[in-house]
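Numbering (the working numbering), first residue to last: 214 to 363.
Notes to accompany the following structure.
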């Protein structure tokens with residue numbers, strides 16, 4: 214093979230490689246845009262669900278007795294403090310994790326995320342139990358009210 218043929222072959226290979234890189238970068242940009250759009254939609258949906266939940270909670274709160282409101286406010290204060298404590302502890306742990314090797318830091322963040330998901334599931338289970346108890350209590354209260362009217 215002549216030297217000129219080698220250079221031509223190398224040049225073609227370089228051009229092909231540049232085209233493949235450009236295509237790969239374009240694909241990555243599209244995927245990134247899709248991920249960003251998906252994350253934006255999820256965030257908007259989560260905000261909407263939270264607003265609806267807040268409205269529903271406010272409705273329950275507006276109809277509650279003074280005693281229920283006082284108990285609810287104390288519970289909410291305690292829960293808000295627990296959330297703040299959890300966030301503070303998480304931040305403290307993140308600061309310590311920054312001193313680790315990059316691989317260890319990644320492992321730590323993955324473990325932390327898994328832990329937070331498990332914690333959120335426990336809280337969600339508690340919320341499900343509360344919904345079931347509320348439904349049961351409402352059924353009893355409506356049944357008693359019907360008996361009182363009879």
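Positions of the beta carbon are idealized from the N, C-alpha and C atoms, including for glycine.
All values derive from a computational prediction rather than experimental measurement.
| Check | Outcome |
| --- | --- |
| 9 Å Cβ cutoff met for residue 310 and residue 299 | no |
| Between the CA atoms of residue 267 and residue 294 - distance to the nearest angstrom | 19 Å |
| Spatial distance of residue 366 from residue 350 (CA atoms) | Any answer about residue 366 is impossible in this case: the structure gives the chain only from 214 up to 363. |
| Residues of its chain near residue 280, where Cβ-Cβ distance is below 7 Å and the 5 sequence neighbours each way are ignored | none |
| Distance between residue 269 and residue 292 (C-alpha atoms, nearest Å) | 18 Å |
| Anticipated Cβ contact below 8 Å, residue 297 with residue 285, distance rounded | Contact flag wrong, Cβ pair sits at about 18 Å. |
| Whole-number beta carbon distance between residue 321 and residue 313, since they are thought to touch under 8 Å | 6 Å |
| Residue 287 versus residue 347: straight-line alpha-carbon distance, rounded | 19 Å |
| Euclidean distance between Cα positions of residue 307 and residue 333 | 19 Å |
| Residue range of the alpha helix (DSSP H) that includes residue 226 | 216-276 |
| Three-state class that DSSP yields for residue 329 in the structure shown | helix |
| Length of the line joining the Cα atoms of residue 252 and residue 244 | 12 Å |
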